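In UniProt numbering, the protein residues as written are 1 to 445.
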Amino acid sequence: MTTDPEEKRRVDVAIVGGGACGLMTALRAAADPDLVIAVLEKSSREGCNAAISSGSLAAAGTRFQAAAGIVDSPQRHANDILAASGDEELRPVVEALCKVAPEFVEWIADTGYPIELGVDMPRAGMSVPRLHADTGRLCGARLVRHLRALLDRSPNAALVDEAKVVDLLVDNGSVVGVVVEQNGSRQEFLAAAVVLATDGFAADPTLRAEHLGDLGNPFYAGVATSTGDALRWTAPLGAQLRNMGAALRSGLVVIDHGTRVSPALQFNGAVLVNASGERFVDEESIGYSALAGILRRQPGERAAMVFDATAMAATRESEMMRDCLAAGAIRDLTTLAELADVMGTSENRASAAIAPRPGRRVLRPPYHLAWVTHGVLTTQGGLVVDAQGRVLDHAGAPIPGLYAGGGAACGLAGPHSDGYSSGSGLLSAFGMGWIVGNRLAKRAA
Ligand SMILES: Cc1cc2nc3c(=O)[nH]c(=O)nc-3n(C[C@H](O)[C@H](O)[C@H](O)COP(=O)(O)OP(=O)(O)OC[C@H]3O[C@@H](n4cnc5c(N)ncnc54)[C@H](O)[C@@H]3O)c2cc1C
Numbered sequence: 001m002t003t004d005p006e007e008k009r010r011v012d013v014a015i016v017g018g019g020a021c022g023l024m025t026a027l028r029a030a031a032d033p034d035l036v037i038a039v040l041e042k043s044s045r046e047g048c049n050a051a052i053s054s055g056s057l058a059a060a061g062t063r064f065q066a067a068a069g070i071v072d073s074p075q076r077h078a079n080d081i082l083a084a085s086g087d088e089e090l091r092p093v094v095e096a097l098c099k100v101a102p103e104f105v106e107w108i109a110d111t112g113y114p115i116e117l118g119v120d121m122p123r124a125g126m127s128v129p130r131l132h133a134d135t136g137r138l139c140g141a142r143l144v145r146h147l148r149a150l151l152d153r154s155p156n157a158a159l160v161d162e163a164k165v166v167d168l169l170v171d172n173g174s175v176v177g178v179v180v181e182q183n184g185s186r187q188e189f190l191a192a193a194v195v196l197a198t199d200g201f202a203a204d205p206t207l208r209a210e211h212l213g214d215l216g217n218p219f220y221a222g223v224a225t226s227t228g229d230a231l232r233w234t235a236p237l238g239a240q241l242r243n244m245g246a247a248l249r250s251g252l253v254v255i256d257h258g259t260r261v262s263p264a265l266q267f268n269g270a271v272l273v274n275a276s277g278e279r280f281v282d283e284e285s286i287g288y289s290a291l292a293g294i295l296r297r298q299p300g301e302r303a304a305m306v307f308d309a310t311a312m313a314a315t316r317e318s319e320m321m322r323d324c325l326a327a328g329a330i331r332d333l334t335t336l337a338e339l340a341d342v343m344g345t346s347e348n349r350a351s352a353a354i355a356p357r358p359g360r361r362v363l364r365p366p367y368h369l370a371w372v373t374h375g376v377l378t379t380q381g382g383l384v385v386d387a388q389g390r391v392l393d394h395a396g397a398p399i400p401g402l403y404a405g406g407g408a409a410c411g412l413a414g415p416h417s418d419g420y421s422s423g424s425g426l427l428s429a430f431g432m433g434w435i436v437g438n439r440l441a442k443r444a445a
């Protein structure tokens, strides 16, 4: 395939990827009417992780929290994330993202998107409720549709679909555009700024084997488009990578179905029992990403999540539980004898295994059970960026013309998947999109 030299186009901002980070960058940059913005999307049909996500937005100090009487702050949010990740070197980026989180969540709401505080969405390591979600819990797909519709109304920005970026254009160390493959031909887009919003590399077997081999053979619950393209283009530029061995994992993937049970189940009395009939973790104290590693070490890399009608009632409106119920992924067991049978143990041992820890609820029949295993949702390692989203080289200097955010950039989990805090994926993506988009708009103003 050749590049037609006549086919050069010129934009102010070329955004690679039309998921969470790309859309937010474009919407914010488009506020400057003097900018021409192209969002180049590999394949809307194959999709972005934002669209299959739960759409839970972590933000502290929002008006939604205030209305619920919850006292919180961006600083507390950043401290919670850093306490889990241990990655103090990333503090400036984490603090910058947490600072803008209430701004972008309220802005999304002000564009007509129905947001509420998820008071029914407790998560390990989150010191107060701070996940926000859409009312009705139609989740990421609804949010991406909403943001794409907003972009459609921006006269100076366009989302170009089936436009796969295959390389960067570089002139004397500066990034000056991208090479796009579309309809069997290549075109060059010259741009004053290029934003990498391509997400991570979880769908690329070679990169996964290189960086995440120690995760074993997890179920992959992300999209096919996360193939680490940005990493390949930026390696010749000397871009710095960080925390490549970390991923957003889930220990709540239902075996044979690929759906996930709600992480709120544990906070409503649900217990995890392994295939030997033993409890192996304090269910409330562990996040779902860290749980994946613990599950991997259990016999058969699986465990039974056992809960009851009260826990079901508290969680069944989440999209995860709706998916599980629609898929027939949850078994209903009327008596302790039936539960013991499915667990492959005696009634006495089953009764002992589901006994509550001090201060927790007693599970009452009828019971529900799902066999869960570990999976990977997205990667967390990536390009090192500064608090303004500029991609840094090995010497710590910004590569001129190049920005990155979301899963293309280093995430907030720290060096290990156990350090992932709920809501940090979209925080990185929308937060950095907000920062970069605002910066580009301001700079041109
Ligand atoms: C099942 C699941 C549930 C999740 N739930 C949550 C949640 O509730 N809260 C949360 O905070 N995080 C959640 N996450 C994580 C979150 O979805 C991601 O961290 C986030 O979507 C990353 O945003 P992004 O913009 O970097 O990537 P994406 O949203 O994946 O968008 C990247 C886009 O780039 C495009 N692209 C890739 N390569 C190219 C190329 N070469 N040329 C052009 N386009 C390209 C892709 O096609 C894609 O559209 C979840 C993830 C999964 C898989």
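Positions of the beta carbon are idealized from the N, C-alpha and C atoms, including for glycine. Quick caveat: nothing in here was measured; it's all calculated off a predicted structure.
| query | result |
| --- | --- |
| Would you kindly work out how many angstroms separate the C-alpha atoms of Ala290 and Leu237, rounded to a whole number? | 34 Å |
| Who does Arg123 pair with in a DSSP beta bridge? | According to DSSP, which records beta bridges pairwise, Arg123 is partnered with nothing at all. |
| For Glu46, which residues from the same chain have a beta carbon less than 7 Å from its beta carbon, with the 5 sequence-adjacent residues on both sides left out? | Val223, Ala224, Thr225 |
| Give me, in chain order, the residues of the same chain whose beta-carbon lies closer than 7 Å to that of Gly414; leave out the 5 immediate sequence neighbours on both sides. | Ser85, Gly86, Asp87, Asn243, Ala246 |
| Use the C-beta contact count for Ala149: other C-beta atoms within 10 angstroms, 16 or more gives buried, fewer gives exposed. | exposed |
| Using CA atoms only, rank isn't needed, just tell me which of Met343, Val13, Arg28, Ser318 is closest to residue 484. | No statement about residue 484 is possible, as the shown extent of the chain runs from 1 to 445 and does not include it. |
| Compute the beta-carbon to beta-carbon distance between Gly433 and Ala197, rounded to the nearest angstrom, for a pair I have assumed lies under 8 Å. | 7 Å |
| In the DSSP assignment, the beta strand (DSSP E) including Tyr288 goes from what residue to what residue? | Where Tyr288 is concerned, there is no enclosing beta strand (DSSP E), although the alpha helix (DSSP H) it sits in stretches over 288-296. |
| Helix or strand or just coil, what does DSSP make of Met69? | The question names Met, but residue 69 in the sequence shown is Gly. Looking at Gly69 - three-state DSSP - the assignment turns out to be coil, as it is neither helix nor strand. |
| If distances are taken between C-alpha atoms only, which option among Thr234, Gly184, Arg249 comes closest to Asp214? | Arg249 |
| Across the region 401-412 and the region 375-391, are there enough close Cβ pairs to call them in contact, namely three or more that are closer than 8 Å? | yes |
| Output the distance between the C-alpha atoms of residue 450 and Leu35, rounded to the nearest integer angstrom. | Because the chain is modelled from 1 through 445, residue 450 falls outside the range shown and cannot be assessed. |
| Say whether the region 63-83 touches the region 113-128, bearing in mind that this needs 3 or more beta-carbon pairs closer than 8 Å, one atom from each stretch. | yes |
| Is Ala26 near ligand 1, judged by its Cβ being under 6 Å from some heavy atom? | no |
| Taking the DSSP output, what are the residues bridged to Gly389? | Paired residue(s): none; Gly389 is not in a bridge. |
| Can you tell me whether Gly389 sits near ligand 1, meaning its C-beta is under 6 Å from at least one heavy atom of the ligand? | no |
| Within the chosen definition, does the region 350-366 reach the region 261-270 through at least 3 CB pairs nearer than 8 Å? | yes |
| Suppose contacts are defined by Cβ-Cβ distances below 7 Å. Is Ala311 in contact with Leu265 by that definition? | yes |
| Whole angstroms are fine: how far does the CA of Val281 sit from the CA of residue 496? | As shown, the chain starts at 1 and ends at 445. That puts residue 496 outside it, with no answer to give. |
| DSSP on Lys42, reduced to helix/strand/coil? | coil |
| Can you check DSSP and say which residues form a bridge with Gln187? | Val180 |
| Using CA coordinates, which residue listed in Ser56, Gln240, Met121 is at the minimum distance from Ala395? | Gln240 |
| With a threshold of 6 Å on Cβ separation, who are the neighbours of Arg9 within its own chain once the five nearest residues in sequence on each side are excluded? | Phe189 |
| Quick one: Cα of Asp418 to Cα of Tyr288, how far? | 9 Å |
| Could you check if Asp308 belongs to the surroundings of ligand 1, using beta carbon to heavy atom distance under 6 Å? | no |
| From the DSSP output, in three-state form, read off Ala329 for me. | coil |
| Less than 6 Å between the CB of Gly18 and some heavy atom of ligand 1, yes or no? | yes |
| Terminal residues of the continuous alpha helix (DSSP H) containing His257? | Counting along the chain, His257 falls outside any alpha helix (DSSP H), and DSSP gives it neither H nor E. |
| Quick one, are the C-beta atoms of Ala78 and Leu426 less than 7 Å apart? | no |
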